[in-house]
Amino acid sequence: MKEINVSKIIPVVKKLCVDANYYAGEDLVEKIHEFLEKEESPTAKGILVLILKNQKIAAEEKMPMCQDTGIAVIFVELGQDVHLVGGDFYAAINEGVRQGYQEGYLRKSMVDDPIIERKNTKDNTPAIIYTDIVPGDSIKITIAPKGGGAENMSEVKMMKAADGIEGVKDFVVDRIKRSGGNPCPPVVVGVGLGGDFEQSALLAKKALLRPLNEKNPDPKWAAVEEEILERINNLGIGPQGLGGRTTALAVQILSMPCHIASMPVAVNVNCHASRHESAIIQ
Amino acid sequence: MSTEIHLHTPLKTEDLEKLNVGDKVLITGTVYTARDAAHKRLAELLDAGKKLPFDIRGSVIYYVGPAPAPPGKPIGSAGPTTSYRMDPYAPILMDAGLKGMVGKGPRGQGVIDSMVKNKAVYFAAIGGAAVVIAQAVKEAKIIAYEDLGAEAIRELKVENFPVFVANDTKGNDIYKIGVEKYRIDD
Chain A
3 MKEINVSKII
13 PVVKKLCVDA
23 NYYAGEDLVE
33 KIHEFLEKEE
43 SPTAKGILVL
53 ILKNQKIAAE
63 EKMPMCQDTG
73 IAVIFVELGQ
83 DVHLVGGDFY
93 AAINEGVRQG
103 YQEGYLRKSM
113 VDDPIIERKN
123 TKDNTPAIIY
133 TDIVPGDSIK
143 ITIAPKGGGA
153 ENMSEVKMMK
163 AADGIEGVKD
173 FVVDRIKRSG
183 GNPCPPVVVG
193 VGLGGDFEQS
203 ALLAKKALLR
213 PLNEKNPDPK
223 WAAVEEEILE
233 RINNLGIGPQ
243 GLGGRTTALA
253 VQILSMPCHI
263 ASMPVAVNVN
273 CHASRHESAI
283 IQ
Chain B
162 MSTEIHLHTP
172 LKTEDLEKLN
182 VGDKVLITGT
192 VYTARDAAHK
202 RLAELLDAGK
212 KLPFDIRGSV
222 IYYVGPAPAP
232 PGKPIGSAGP
242 TTSYRMDPYA
252 PILMDAGLKG
262 MVGKGPRGQG
272 VIDSMVKNKA
282 VYFAAIGGAA
292 VVIAQAVKEA
302 KIIAYEDLGA
312 EAIRELKVEN
322 FPVFVANDTK
332 GNDIYKIGVE
342 KYRIDD
């Protein structure tokens, strides 16, 4: 059993919040360049160039790439041999988010009550935290700040087995078609297949964490991803919905077993500021 | 699509009537920020026949909730938010004199009809160009609803704020025209 004081978590989470919002991942920059080469629309090309310029200035000026610095979605992989001491684990994560968003000049986008009062909590807490217990004696923390415009285009559908893989493809393509320019295309499309209602949604969100230069390890799903991506990019929506070839940069699938009567399918969309950063606490 | 047009606020109907979807426009002058919560309050004031916190005639509203200003800068990152959420409020504001809206994503038919009726224009700013846009903002001050935080109404002094005409005064919609041009049917 290894003791880790929860106070060690605060500065790590703080830095992750700031870095994820200031610095675009190399995989993302490469991917946008790749699509810029293939883009036919002059307006779309202009927008992709502007997005790349914006990423560069954000890093130089130490400002967030996008003003919507998101809801702080945090995935924790907690080693089962870790004994947490010194206070409340989740309170420490939220303190890191509070400090990161305040000291990093990030926007606070959380309201306390979802319907009636909708009063801003002023420090971007609470974070959305998912914890998996894994073998080992370290803690891996990943933050994926999620913007509202893209998150609002998510959907879960409880499909029938008879709908088959073609039904799944049609649903994902149609979800992106209906989203148009709203989620800030070019988007990254996360697809969660199987599990149950809420697990499929979580898979779709976790699918967005895969680096954009990595293929799906399962060739069966890699082929489906490629086909859906091609169909999405044939929609003509283009960057910001103003028309063009580049509507999605990638489609990423995660799947798991499900009930004999069910076929849950979830879509979670990331805007072109597809942000995530990880750190390991030993 | 390559023309670059300079517009100064307050916007004049005769200038807006010359614009076509896809035109690149650089806005200079005063722009007011407002998004979901501020729109709700503005619409309530108009419904009650009360005065708005700024002169809406010929004005431009930018749908944005900026990030906080870092030291030495007037504003933080300031890209557009998704516009359709403001659709329920936009026609009543245009009836009161609003001439320009800046945001991202398509508008509903009711808003497009109101733009034709009121000779107003919807401009698309580039979502994700938040730092580039922040550099066009020279001054920013909160003029109403400070309690709303990022959603407070700010008066921005802008120079050459880069936008595209998404809906013109003739009812054209770039979100339909642009997509049709590049769509490949299966």
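Chains A and B are the protein sequences, given in the same order.
My numbering puts the first sequence at residues 3 to 284.
My numbering puts the second sequence at residues 162 to 347.
Cβ coordinates follow ideal geometry from the N, Cα and C atoms, glycine included.
Only a predicted model underlies this, so the values are computations on that prediction, with no experimental measurement involved.
Would you tell me roughly how many angstroms separate the C-alpha atoms of residue 54 (chain A) and residue 262 (chain A), rounded to the nearest one?
46 Å
Need the endpoints of the beta strand (DSSP E) that residue 86 (chain A) sits in, please.
84 to 87
Close-in-space but distant-in-sequence residues of the same chain around residue 190 (chain B) (CB under 6 Å, 5 per side omitted)
169 and 170
Per DSSP, the bridge partner or partners of residue 292 (chain A)
What the structure shows of chain A is the stretch from 3 to 284, and residue 292 (chain A) is not part of that stretch, so it cannot be assessed.
Examine chain A for any beta-carbon lying closer than 8 Å to the beta-carbon of residue 344 (chain B), and answer yes or no.
yes
Residues bridged to residue 189 (chain B) [DSSP beta-bridge criterion]
B:169
Residue range of the unbroken beta strand (DSSP E) whose run includes residue 258 (chain A)
250 to 260
Are the C-beta atoms of residue 214 (chain A) and some chain B residue less than 8 Å apart?
no
Please report the straight-line C-alpha distance between residue 206 (chain B) and residue 213 (chain B), rounded to a whole angstrom.
7 Å
Mind checking who residue 334 (chain B) pairs with in its DSSP beta bridge?
B:328
Beta-bridge pairing of residue 284 (chain B) - partner residues as DSSP gives them:
B:263 and B:326
I'd like the list of long-range same chain contacts for residue 1 (chain A), defined as Cβ closer than 8 Å, with 5 residues on each side in sequence excluded.
Within the shown structure, residues of chain A are numbered from 3 to 284, placing residue 1 (chain A) beyond reach of any answer.
First and last residue of the uninterrupted beta strand (DSSP E) at residue 6 (chain A)
4 to 7
Interface positions of the stretch 52 to 67 of chain A facing chain B (Cβ-Cβ less than 8 Å), listed along the chain
52, 53, 55, 56, 59, 60, 63, 64, 65, 66 and 67
Residue 333 (chain B) to residue 134 (chain A) span [Cα, whole Å]:
51 Å
Taking the alpha helix (DSSP H) that residue 94 (chain A) belongs to, which residues open and close that run?
91 to 105
Using the Cα positions of residue 84 (chain A) and residue 16 (chain A), report the straight-line distance between them to the nearest angstrom.
21 Å
Considering only residues of the stretch 168 to 214 of chain A, which uninterrupted beta strand (DSSP E) runs meet the minimum length of 3 residues and lie entirely inside it, listed in chain order?
189 to 197
Could you name the residues of the stretch 244 to 270 of chain B whose beta carbon sits closer than 8 Å to any beta carbon of chain A, in the order they occur along the chain?
245, 265, 266 and 267
Considering only residues of the same chain and omitting the five flanking positions on each side of residue 75 (chain A), which have a CB-CB separation below 6 Å?
130, 146 and 148
As a quick exercise: from A:107, A:249 and A:34, pick the residue whose alpha carbon is nearest that of residue 287 (chain A).
Outside the shown range of chain A, which is 3 to 284, sits residue 287 (chain A), and nothing can be said about it.
Contact check, residue 207 (chain A) vs residue 192 (chain A) under 8 Å by CB: the rounded distance?
6 Å
By DSSP, does residue 266 (chain A) sit in helix, in strand, or in coil?
strand
Residue 27 (chain A) CB to nearest chain B CB: under 8 Å?
no
For residue 274 (chain A), return the contacting residues in chain B, with the cut-off set at a CB-CB distance below 7 Å.
289
When the Cα of residue 264 (chain B) is compared with those of B:275, B:278, B:181 and B:247, which residue comes out closest?
B:247
Going along the chain, which residues of the stretch 102 to 136 of chain A sit with their C-beta nearer than 8 Å to a C-beta in chain B?
107, 108, 109, 110, 111, 120, 122 and 124
Under 8 Å between the Cβ atoms of residue 14 (chain A) and residue 79 (chain A)?
no
Partner residues on chain B for residue 270 (chain A), Cβ-Cβ distance less than 9 Å:
Chain B residues near residue 270 (chain A): none, gap ~16 Å exceeds 9 Å.
DSSP-derived helix/strand/coil call for residue 74 (chain A)
strand
Note down, in chain order, each residue of its chain lying with its Cβ closer than 6 Å to the Cβ of residue 268 (chain A), except the 5 sequence neighbours on either side.
158, 194, 202, 203 and 206
For the stretch 182 to 247 of chain B, which segments carrying the beta strand (DSSP E) assignment without a break, of at least 3 residues, lie completely within its bounds, in sequence order?
185 to 194 and 221 to 223
Looking at the C-beta of residue 349 (chain B), does it have a partner C-beta in chain A at a distance below 8 Å?
Residue 349 (chain B) lies beyond the stretch modelled for chain B, which goes from 162 to 347, so this question has no answer here.
Determine whether the beta carbon atoms of residue 122 (chain A) and residue 309 (chain B) lie at a separation below 8 Å.
yes
Member of A:23, A:220 and A:223 whose CA lies at the smallest distance from the CA of residue 104 (chain A)
A:23
For the alpha helix (DSSP H) holding residue 302 (chain B), just list the boundary residues, first then last.
Residue 302 (chain B) -> not in any alpha helix (DSSP H); beta strand (DSSP E) instead, spanning 298 to 305.
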